[in-house]
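Peer 1:
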Amino acid sequence: MQTLPITLTITAAAAFVHIWHLYRCGSVRMKKKIMHGDGGDVLMERRMRAHSNFIENTPLFLMLLAAVEYTVGGSTWLWAVGYAFIVGRMLHSIGMDKDGENLPRMIGTLLAGLPILGLAVYALYLASGLAT
Numbered sequence: 012m013q014t015l016p017i018t019l020t021i022t023a024a025a026a027f028v029h030i031w032h033l034y035r036c037g038s039v040r041m042k043k044k045i046m047h048g049d050g051g052d053v054l055m056e057r058r059m060r061a062h063s064n065f066i067e068n069t070p071l072f073l074m075l076l077a078a079v080e081y082t083v084g085g086s087t088w089l090w091a092v093g094y095a096f097i098v099g100r101m102l103h104s105i106g107m108d109k110d111g112e113n114l115p116r117m118i119g120t121l122l123a124g125l126p127i128l129g130l131a132v133y134a135l136y137l138a139s140g141l142a143t
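Numbering (my numbering), first residue to last: 12 to 143.
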């Protein structure tokens, strides 16, 4: 059985980021006594949206990471792509707390979006047979 240590590690990191999102949303819920939805609170809405954005992007990233790692094996650049995605998702979430455009959100979006794009392009390259 082939193991995928990069994918396993980054998936575990993503699980911890998911728990961090739960804590961030839960802390606002407790403080502001919001039982359902966002309760009309701007910070709650932003944290919920940041969490949703994480949940929307992470499965696709992890599937691409696993497929590429399975195909080409582990490498330093795959580790870097994995960590960039995780850091990017966290920076994006921190930036979502702030009004308007801000550096953490912008950097976070790039650090999360570019790895997905890069892995997708590389996966197509690998699938095309041009890599052999």
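Every residue gets a Cβ at the ideal spot worked out from N, C-alpha and C, and that includes glycine.
1) Less than 8 Å between the CB atoms is what I'm expecting for Gly93 and Ile21, so what's the real figure, rounded?
2) Let's test the definition: count the other Cβ atoms within 10 Å of the Cβ of Tyr136 and tell me whether it reaches 16, buried, or not, exposed.
3) Among Val98, Gly119, Leu54, which residue has its Cα nearest to the Cα of Gly37?
4) Flag this pair as touching only if the stretch 77-89 and the stretch 56-68 have three or more C-beta atom pairs under 8 Å; answer yes or no.
5) Quick check on Ile17 - is its C-beta less than 8 Å from some C-beta in chain D?
6) Along the alpha helix (DSSP H) that carries Ser86, what are the first and last residues, could you check?
7) Report, in whole angstroms, the separation of the C-beta atoms of Arg60 and Met117, which I expect to be a contact under 8 Å.
8) Report the option in Leu75, His103, Phe96 whose CA atom is closest to the CA atom of Ala134.
9) CA-CA distance, Glu112 and Thr18?
10) By the DSSP assignment, the alpha helix (DSSP H) with His29 in it spans what residues?
11) For Gly119 versus Leu102, is the C-beta spacing smaller than 8 Å?
Peer 2: This is what the structure gives:
1) What you label residue 93 is simply residue 82 of the sequence shown in a count that begins at 1. What you label residue 21 is simply residue 10 of the sequence shown in a count that begins at 1. Rounded, the Cβ-Cβ distance is 4 Å, consistent with contact.
2) Here residue 136 corresponds to residue number 125 of the sequence shown, with the count starting at 1. Using a 10 angstroms sphere on the CB of Tyr136, the tally of other CB atoms stays under 16, which defines it as exposed.
3) Numbered from 1 along the sequence shown, position 26 holds the residue referred to as residue 37. Out of Val98, Gly119, Leu54, the CA that lies nearest to the CA of Gly37 is found in Leu54.
4) Note that the stretch 77-89 does not touch the stretch 56-68; fewer than 3 beta-carbon pairs, one per stretch, sit closer than 8 Å.
5) Note that chain D does not occur in the displayed structure, where there is just one protein chain.
6) Working through the sequence shown from its first residue, we reach residue 86 at position 75. Taken as a continuous stretch (DSSP letters only), Ser86 belongs to no alpha helix (DSSP H), as it is neither H nor E.
7) Locating residue 60 in the sequence shown gives position 49, where the first residue counts as 1. Locating residue 117 in the sequence shown gives position 106, where the first residue counts as 1. Rounded, the Cβ-Cβ distance is 16 Å, inconsistent with contact.
8) The residue you call residue 134 lines up with position 123 of the sequence shown. Nearest of Leu75, His103, Phe96 to Ala134, Cα basis: Leu75.
9) Numbered from 1 along the sequence shown, position 101 holds the residue referred to as residue 112. Numbered from 1 along the sequence shown, position 7 holds the residue referred to as residue 18. When rounded, the distance between both Cα atoms is 32 Å.
10) In the sequence shown, the residue the question calls residue 29 occupies position 18. Run containing His29: 16-43, per the alpha helix (DSSP H) assignment.
11) Taking the first residue of the sequence shown as 1, we reach residue 119 at position 108. Taking the first residue of the sequence shown as 1, we reach residue 102 at position 91. If you check the CB distance, Gly119 and Leu102 come in under 8 Å.
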